Every structure is written in structure tokens, then in C-alpha cells.
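Protein chains: 2
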Amino acid sequence: MITSTLKEKLVSIVGHENIDDSKAGRLVYSYDATPQFQSMPDMIVAPRNTKEVSEIVKLCNEHKIPIVPRGSGTNLCAGTCPTEGGIVLLFKHMNKILELDEENLAVIVQPGVITLDLTNTVEAAGLFYPPDPSSMKISTIGGNLNENSGGLRGLKYGVTRDYVLGLEIVLPNGDIIRTGGKLAKDVAGYDLTRLFVGSEGTLGIITEATLKLIPMPETKKTMLALYQDMEAAARTVSRIIANRIIPATLEFLDQPTLIAVEDFAKIGLPTNVKAVLLIEQDGAPEIVERDMKRIAEICHEELAESVQIAGTNEEAENLTAARRAALSALARLKPTTILEDATVPRSEIANMVRAINEIADKYHVKIATFGHAGDGNLHPTCPTDVRDRDEIERVEHAFAEIFAKAIELGGTITGEHGVGAMKAPYLEWKLGKEGIAAMKAIKASFDPNNIMNPGKVFAKESRKRLVVTR
Amino acid sequence: MITSTLKEKLVSIVGHENIDDSKAGRLVYSYDATPQFQSMPDMIVAPRNTKEVSEIVKLCNEHKIPIVPRGSGTNLCAGTCPTEGGIVLLFKHMNKILELDEENLAVIVQPGVITLDLTNTVEAAGLFYPPDPSSMKISTIGGNLNENSGGLRGLKYGVTRDYVLGLEIVLPNGDIIRTGGKLAKDVAGYDLTRLFVGSEGTLGIITEATLKLIPMPETKKTMLALYQDMEAAARTVSRIIANRIIPATLEFLDQPTLIAVEDFAKIGLPTNVKAVLLIEQDGAPEIVERDMKRIAEICHEELAESVQIAGTNEEAENLTAARRAALSALARLKPTTILEDATVPRSEIANMVRAINEIADKYHVKIATFGHAGDGNLHPTCPTDVRDRDEIERVEHAFAEIFAKAIELGGTITGEHGVGAMKAPYLEWKLGKEGIAAMKAIKASFDPNNIMNPGKVFAKESRKRLVVTR
Numbered sequence: 001m002i003t004s005t006l007k008e009k010l011v012s013i014v015g016h017e018n019i020d021d022s023k024a025g026r027l028v029y030s031y032d033a034t035p036q037f038q039s040m041p042d043m044i045v046a047p048r049n050t051k052e053v054s055e056i057v058k059l060c061n062e063h064k065i066p067i068v069p070r071g072s073g074t075n076l077c078a079g080t081c082p083t084e085g086g087i088v089l090l091f092k093h094m095n096k097i098l099e100l101d102e103e104n105l106a107v108i109v110q111p112g113v114i115t116l117d118l119t120n121t122v123e124a125a126g127l128f129y130p131p132d133p134s135s136m137k138i139s140t141i142g143g144n145l146n147e148n149s150g151g152l153r154g155l156k157y158g159v160t161r162d163y164v165l166g167l168e169i170v171l172p173n174g175d176i177i178r179t180g181g182k183l184a185k186d187v188a189g190y191d192l193t194r195l196f197v198g199s200e201g202t203l204g205i206i207t208e209a210t211l212k213l214i215p216m217p218e219t220k221k222t223m224l225a226l227y228q229d230m231e232a233a234a235r236t237v238s239r240i241i242a243n244r245i246i247p248a249t250l251e252f253l254d255q256p257t258l259i260a261v262e263d264f265a266k267i268g269l270p271t272n273v274k275a276v277l278l279i280e281q282d283g284a285p286e287i288v289e290r291d292m293k294r295i296a297e298i299c300h301e302e303l304a305e306s307v308q309i310a311g312t313n314e315e316a317e318n319l320t321a322a323r324r325a326a327l328s329a330l331a332r333l334k335p336t337t338i339l340e341d342a343t344v345p346r347s348e349i350a351n352m353v354r355a356i357n358e359i360a361d362k363y364h365v366k367i368a369t370f371g372h373a374g375d376g377n378l379h380p381t382c383p384t385d386v387r388d389r390d391e392i393e394r395v396e397h398a399f400a401e402i403f404a405k406a407i408e409l410g411g412t413i414t415g416e417h418g419v420g421a422m423k424a425p426y427l428e429w430k431l432g433k434e435g436i437a438a439m440k441a442i443k444a445s446f447d448p449n450n451i452m453n454p455g456k457v458f459a460k461e462s463r464k465r466l467v468v469t470r
Numbered sequence: 001m002i003t004s005t006l007k008e009k010l011v012s013i014v015g016h017e018n019i020d021d022s023k024a025g026r027l028v029y030s031y032d033a034t035p036q037f038q039s040m041p042d043m044i045v046a047p048r049n050t051k052e053v054s055e056i057v058k059l060c061n062e063h064k065i066p067i068v069p070r071g072s073g074t075n076l077c078a079g080t081c082p083t084e085g086g087i088v089l090l091f092k093h094m095n096k097i098l099e100l101d102e103e104n105l106a107v108i109v110q111p112g113v114i115t116l117d118l119t120n121t122v123e124a125a126g127l128f129y130p131p132d133p134s135s136m137k138i139s140t141i142g143g144n145l146n147e148n149s150g151g152l153r154g155l156k157y158g159v160t161r162d163y164v165l166g167l168e169i170v171l172p173n174g175d176i177i178r179t180g181g182k183l184a185k186d187v188a189g190y191d192l193t194r195l196f197v198g199s200e201g202t203l204g205i206i207t208e209a210t211l212k213l214i215p216m217p218e219t220k221k222t223m224l225a226l227y228q229d230m231e232a233a234a235r236t237v238s239r240i241i242a243n244r245i246i247p248a249t250l251e252f253l254d255q256p257t258l259i260a261v262e263d264f265a266k267i268g269l270p271t272n273v274k275a276v277l278l279i280e281q282d283g284a285p286e287i288v289e290r291d292m293k294r295i296a297e298i299c300h301e302e303l304a305e306s307v308q309i310a311g312t313n314e315e316a317e318n319l320t321a322a323r324r325a326a327l328s329a330l331a332r333l334k335p336t337t338i339l340e341d342a343t344v345p346r347s348e349i350a351n352m353v354r355a356i357n358e359i360a361d362k363y364h365v366k367i368a369t370f371g372h373a374g375d376g377n378l379h380p381t382c383p384t385d386v387r388d389r390d391e392i393e394r395v396e397h398a399f400a401e402i403f404a405k406a407i408e409l410g411g412t413i414t415g416e417h418g419v420g421a422m423k424a425p426y427l428e429w430k431l432g433k434e435g436i437a438a439m440k441a442i443k444a445s446f447d448p449n450n451i452m453n454p455g456k457v458f459a460k461e462s463r464k465r466l467v468v469t470r
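Just so you know, the protein sequences line up as chains A and B, in that order.
Heads up: the first sequence begins at 1 in full-length UniProt numbering, then just goes up one per residue.
Heads up: the second sequence begins at 1 in full-length UniProt numbering, then just goes up one per residue.
See the structure below:
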């Protein structure tokens, strides 16, 4: 509980204008993009700099007040739902791109920077920051770091973690540490940088990041291949890789997704096919040309019904934008949309998609599947309605079976969305008791009072997707 | 101390033939490639599988016996010197490439595999494992993983950590955990995979690794640019990157290194120049051609005395082999060779090389410098003699100043060699007390009895490079 004395201290740190404990203000931050999770925070606090973050953290540690760092709340694992109340920490003041260092191919940012703003800034200098979560228009870098966000370019370029050179972190005891630097190589001690990326705010507060940039690819081409057979689409994915071609993007959409997306975006996508691959290659023009030609041949050999290369940049961008809008499009179908990200080795995609469809049939639920086929990172998505308790229960069972299947195929319960509160009950399936114990030991060593985003990653008991009001 | 009862138990696990506690046997493993560090282990043990490793670890944890996992001992940070005695764990039986999965671009290996054997195996399948430490002919993958080894291709391709998808680990309590998998994306909990890579055997024993492969570049070209001015060479490095070209290799050798290497390799390297850049580009032929042409122009614009592209593969391989032999070549000059790897942002290379030369002059010691210019990862190397206590003291002071300078320039005390026993006293300069405390907390959470490679990473007191006999 935040006493009036504690509130006064917080006000003295950040000022009245950066604290909100009104009911309306707290309600706004009582949930994130994840359906079925809601819990009221006690206060919203917006620090202006790292020193203030450190002071806030020290106070919270002393008084055992939970802190939930939050960007734009676009995560899909209830990672920023203030499950145990406490303070939601906003970074609206810490939203600057501090330095673009072209010589060292690095950019230094504060956590509140919007991902797309970063992308646009570095691209204007001919540089490239590849991680591109579908929410990039509104997501913040801080959120991307905490969730280790992926995106459409993961296959060729990797994910957020692969582009973090160094961090400034406020530890739960208030200590401010700096890891890494503008350095291509650094082995001075344990890799705290990558430990913190993807730690979902449970180990400390990231207050600054030095990110790696690469030269902007010279050109890009986008292709759409249509299939009447999902297995053929999956075989195409495997054969492209077997031909030693790594496309920049290799996305899969099934028919239900396609119909929803076309209904939403209205760009003339075909809706009478069973599966679509959206393929992009970037790089030097001659190589892009050559790769796309070979990829088109493979698509034809695997009996694609049609293979079209976007004629203009605008057409290409429309296709990619349509794919990025898949969640928004599917979310229009029913009041509640549950999107998951079970991930399997690339070779198992066909098996996984088949299993998802069988599981959906078994539980009489509708599941549309799209995702990053090149990564094996699929997004089975269920349009449903939380008010229909019977259906929701079947949805829960279906997703539990999907997770189990992913693990059986050598995969994982989450490829890029994180564990948060939502998938915590399933984490043990992937890691075993021993793996969970190892992670809990790390958590306890950093945050003995469990003030940092408590209730995330580690499950208390069993899964629940219930609305909790405090 | 290993009692006779404990010895019997160890024999019952691995068999008589896999234990050696003879004085001669122990002497062999009392040191590694790092000068000035020696300490006798109590026993050498060679387990045959993960289960045996787990049983050994459990026993050692119970009896508080140190365990030092060791590959070929090529590290340069005294990382495998059994500083506090105990058991040296060898992986001579666990040396298999278990699976090459071409569809998922992954290879599963045991820790005892020789790096070059792995490279050759995957290249025969048209695939590429980029990390290439100079010791790769004899180093093991287990050693590379524990040290997060770099190499000549770090600039374009990254280091060992960037190619590890999953691990099997025996924790200090004997638990066997598996992290990651054949997965391009996995955010199920903290990134234990990357935490263990580079942890120098201080957190647990890696018993298996799933490594990421990429398609083999189609072609490669090698160039040598000669300079009478070190600053011009450094400017060339910056301008290549500023031109948005990332070469596969961008190595720097100063004149003293060049003379030593030519004397050793006798391949006709010029020895009358002040600095040499060894530059490689790989990829599609058209791109390699175009990049090398542009790089050659930049070299000429920066007044390189000569720019030669290797005409044949053999010539190119000789050049790279000569660079890889730099340590061996310099080691012939004097009885003791101390090689360091201070690392700075790329833009600071000229400043760093200049500082190294000034510091060498100040302390009247000879320091040759070569290294990965594209990474800012330099290897100032001092041919000296441990028996000359006066000179050794000056060498110590010189290197301490070099580390301080690297940090002042935004760099680190070690880019790819690790901290080990050797650089532990300097780690605080890079991380601060708070950073060290955070890392120590992780260490304590995994290994409360401090049995895993004790005396490494974390300094007890001050620096010492003394021969300790137990």
C-alpha cells in the first residue's frame, strides 16, 4: 500500500504533475493488450531521468511496493498488467534518441522512444535497425527490450536481443549499472545485457540502451505466393532454406486470416486460397533479383497457384502492412481475440499447423493461424468472447494442447511474445522444474523483495485468465 | 582435498582409466596458454556422458571440491588454470558432432569437438559456422562456448554467443537443464543460453550445444593494404564502414607484428611499412567484386602505399594463416609472451594504438599490436621474460594503463579472451562495484559452494601473475 507519507516522498522526487493516483488514471493502466487480464495499480509515476528512477526504486524496495515498467502496453502476455498492484512506471519523459553514432553504427536511446520513430531516424541516415514487431507504430523500445520483441525480419536478421550492445539499468536495490558499450565485442564478465533483454521487467528497470545498427539494404522485393494446399506452402519454406536462401521475410497466412485481413485492408488479396506465403528479400539489386527468381521457381515447383512480385513499392508496402494488420483484422471478428505464439523448428511447421487445426476442431473453436514461417514462429489466433464461459474454457484447453504439441515437436511456448502472467503456468513444460529453479534463483538474487513486476514469468499456482479488481 | 573414499566414488562413476592423479598427469593440466599462471589440480577426470558429469558435480558439490572444465587450454586469461586445485574435467570422450540438421540450419555438438572439425564438417554441407578464434585448429567448442570466443569474422558475423541456439547444462547442484532448441526465436524465461556462454565455467558445465549455421558465402576475396602511417590505416577502417560496407574481416597489424609474422611464415610480407590492413569480403561474386573495388579506392584515397588483392585462393589463405599465426610468431621473440585484448569503439582505434605505443615507450617495454580493427578489438602483445622481474613489473604497469585507457575511450578490458584469473582484478574498472555485485549475486545463486572454476572472473584481492605451486 502506498501511504500518504510514501506518496509525499514520490511527489518530492518526480513532482505532482508526474504522479496520478486518481481512479480514472489508474484504470487506464490496469490492463494491456492481453485479453482477460486486469488489475488496478495504486499509482502511475512518470520519472524524468535515471536518477529519479533509482530514487523511486529505492523507496519501493524499502516499502516492498511492486513496480511495473510500461511502454505502450502492446504486449500480448499480460506482461504489463499490474497483477499485484503497486506503481506503473511510465517513460513518457524518457523518450529521446540521445545519439546516432554513424561511425560506430550505434544509436543510444531512452526506453520511451517509439520503435517506428527509431526506425525512421536511423533509416534517414542510411542505417537499419531490423527488429520490427507488428506493433512498431506504437510500441516503445523499452517494451521491445523487456519482451525481446521479434518481428517479420527475424529469420534473416534476428530479434531485439541481437541488436543490443549495452544497457543502463536500475537494479532493484537502486544501484545504477551500465553494461556493454559501443563495442562489437565485450566479454568482461557475465552477459547482463542479454540477461536483461527479455527479462520482462522482473530484474530491474532499463533506463537507456545502446543499439547496434547495420547498413540499410540497398533494395527490397516483395512476393505473394498462393496455395490450395497448406503442406505445399510449408514445403516451399523448407525448400527455400534448403536452397541456401535466407529471405528477409517469410510469412505464412492461412485462409481464415486472409479473409479477415482482406476484409479489413481491402487491397485485393485473394481469399479463395488455403494458404499464402508473403516473401521478401533485400540486399544488393542483383542478389535480390536472383534470389526472388529462384524462390519463384521453387513456389511454382511446389504447385503454387500463383506467384506475384509486387510491381511497385506501394504495392509491396500494402502487402506487408496487411500482414502486420493481421491481429487488428482478426480482432474485429469477435469481442475477444486470443493470439498465441507457439514456436517450432522450421521443419515442423506443416505438422504444427495441422495439429492446430485438429485441436481447433476437437474443441469446436475457430483458430486462424498466421506467422513467421521462416522462424517456425506461428500465431494461432482465436476470435472468441470472454462472456461465453463455456467457449472460453474450450479455448483454454485448446491452447494448452497447442503449447504441449509445440514442445513435443521440439519447440517452445513463446517465440516472441514473452511469458508474462499469461504463459507463466506453462513455462515449466518447456524448462522443467530444474530450469525454473535456476531462473528463480537469478530473480531472487537480484530482487529478493520481489518488487520488480511481480507475478510475471513465474507462476504462483495454476493458469488463470480472470478479471481481478482490487 | 580428494580423500580415498571420494576417489573410489569417482572411479565407480567414470572407471579407473578415466581418472589420473599422478604427479605427471596433473602437471600437464596445471597451466593453460596464459603465461605466469600455474597451479596443480588434485585429479584429472574424463567423464563419458552427461549423466557422469552430473554425478561428478554432485559429489564435488557435497565435498566442496573445485571443478575446472577444460577444452584444449588455449585461452589467454588463465581461465582453465586450476587456481584452487580440485578436479580438471576433460571432454575427450564427449567429442562428437551429434547431428547436422540441414533443414533447420543447426548442428548439435558435444563440448570436446575441435572447432576446425566442426567448421570442416558443416562447410562440406555448404553451411557456415562463422566464429573462428585464431586457435581454432586445436581449440574445442566447449572452450569457445565458455569463453565466448571471437575471431577474425566478428565484425560481419558476430561471435560464438551469436551462434548458440540451445545448451544442455549440468548445474552445480547436479541438475541437468536444457535451454533453447533448434529455434530461431524463444523467449520462454530468462536467456540462460547466453548467460552461460562466456561464463567461463563458473556457473555450470556445458555438456551439449545446439549451434546456428548459415549458408556458406559463395565466394571470398582477400586484400592487403600497406601504409606508412598508422593513422591513415585507422582512417581507412572508419571510411570503409562510413561507406556502409561491412567486410568479413578487417585486420590490423603494426610493423613489429609484421616483421615477426614474416620471419615466422616467410610468405613475402612487406616488412618496411608501418601498418597493414588485411581485408576480406565474402558473399555473392558481384557484391564481393564491387565491395573490394570500393575498398581499394578508399585505401588509395587514404594513401595506402600498395593495395593488392590475392590472385589465388592459396595466396589468400596464406595471408589469413599468417595473421592467425601472429601470436605464435611473436611468441618466438622472447621466452614469455603476454597478449591482451583491450577493445574500444571502432572510431577510437587510432587513439588506442597511439596510446599503446606511448605507454610502451613510457615503461620501456616492447609492445607489438595487431587485431580486429573492424571490431576495435586490439591485441597489444609484449614479448618479455618472466625471469626479468624488473621488466615484468613494468609490463604489468603498462598493461594496467592500457586497460584504463581502453575504458576511458568507451571500451572494455577484454573483447574476446575473457576475464579468467588474469583480468579479474581489472573487472571493476569496467563494471563498477555495483556491476560486480550483480554478477556475484548470480554466481552465488547458482553455485553457493563456489565449486565451479573458483578464482575466475571475480578477484579476491589484487592482481597477481605468480607461479603458485601447491
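Where is the CB? At the ideal position from N, CA and C, for every residue including glycine.
Treat the numbers as computed from the prediction; the structure is a model and nothing was measured.
N148 of chain B sits in coil when the DSSP states are folded into three classes, being neither helix nor strand. At a cut-off of 9 Å between C-beta atoms, S238 of chain B counts as an interface residue with respect to chain A. No Cβ-Cβ contact shorter than 9 Å links T219 of chain B with I176 of chain B. DSSP places Q255 of chain A outside any beta strand (DSSP E); the residue lies instead in the alpha helix (DSSP H), whose first and last residues are 255-265. In summary, the residues of the segment 341-355 of chain B whose CB is separated from some CB of chain A by less than 7 Å are T343, P345, R346, S347, in the order they occur in the chain.
Leaving aside the five residues that flank G158 of chain A on each side, none in its chain has a CB nearer than 6 Å to its CB. Contacts between E55 of chain A and chain B, judged by CB atoms closer than 9 Å, are missing: the closest CB pair is about 15 Å apart. Here E251 of chain B carries a strand assignment [DSSP, helix/strand/coil]. Taken through DSSP and simplified to helix, strand or coil, L213 of chain A comes out as coil. Counting other Cβ atoms within 10 Å of its Cβ, N313 of chain B stays below 16 and is therefore classed as exposed.
Within the same chain, Cβ atoms closer than 8 Å to the Cβ of D21 of chain B are found at I2, K7, D42, M43, I44, the five residues on either side in sequence being excluded.
Not a single C-beta of chain A is nearer than 9 Å to the C-beta of V109 of chain B.
In the three-state scheme derived from DSSP, where H, G and I count as helix and E and B as strand, M230 of chain B is classed as helix. For the segment 159-192 of chain B, the set of residues with a beta-carbon nearer than 9 Å to any beta-carbon of chain A comprises V159, R161, D162, I169, L171, N173, D175, I176, I177, R178, T179, G180, G181, K182, L183, A184, K185, D186, V187, A188, G189, Y190, D191, L192, in chain order.
Contact of D375 of chain A with chain B by beta-carbon distance below 7 Å involves A184, K185. Pairwise C-beta distances place the segment 287-294 of chain B out of contact with the segment 163-177 of chain B, as fewer than three of them are shorter than 8 Å. Secondary structure at F196 of chain B: helix, using DSSP grouped into helix, strand and coil. Taking one beta carbon from each stretch, the segment 52-61 of chain A and the segment 338-355 of chain A have fewer than 3 pairs nearer than 8 Å; the two do not touch. Here L303 of chain A is exposed: its Cβ has fewer than 16 other Cβ atoms, across all protein chains shown, within 10 Å. A:R324 is the residue among A:Y29, A:R324, A:P215 whose C-alpha sits nearest the C-alpha of F252 of chain A. Per DSSP, R48 of chain B lies in no beta strand (DSSP E) and is assigned neither H nor E. Close CB contacts of G411 of chain B within its chain, under the 6 Å cut and outside five residues either way in sequence, are with T343, V344 (chain order). Minimum Cα-Cα distance from I295 of chain B among the listed residues B:G311, B:L278, B:L378 corresponds to B:L278. Closer than 9 Å to the CB of K423 of chain A there is at least one CB belonging to chain B.
Comparing alpha-carbon positions, the option among A:H93, A:G174, A:L183, A:G79 lying closest to L409 of chain B turns out to be A:L183. By the C-beta criterion, the segment 93-110 of chain A is judged not to be in contact with the segment 54-70 of chain A, since fewer than 3 inter-stretch pairs fall below 8 Å. Contact of G71 of chain A with chain B by beta-carbon distance below 9 Å is absent, the smallest such distance being about 16 Å. Legend: CB atoms of the segment 317-341 of chain B lying less than 7 Å from CB atoms of chain A are not found in any residue.
Assignment of beta-bridge partners to Q281 of chain A by DSSP yields A:K221. Going by DSSP, N377 of chain A is part of the beta strand (DSSP E) stretching over 377-384. By the C-beta criterion, the segment 27-37 of chain B is judged to be in contact with the segment 69-81 of chain B, since at least 3 inter-stretch pairs fall below 8 Å. The beta-carbon separation of V419 of chain B and L427 of chain B, rounded to 6 Å, stays under the 8 Å limit for a contact. Cβ-Cβ distances below 6 Å link Q308 of chain A to L224 in the same chain, with the five nearest sequence neighbours on each side left out; the list follows chain order. DSSP places L118 of chain B in the uninterrupted alpha helix (DSSP H) bounded by 115-124.
Of the other Cβ atoms in all chains shown, fewer than 16 fall within 10 Å of the Cβ of S4 of chain B; this residue is therefore exposed.
The C-beta of I413 of chain A comes closer than 9 Å to at least one C-beta of chain B.
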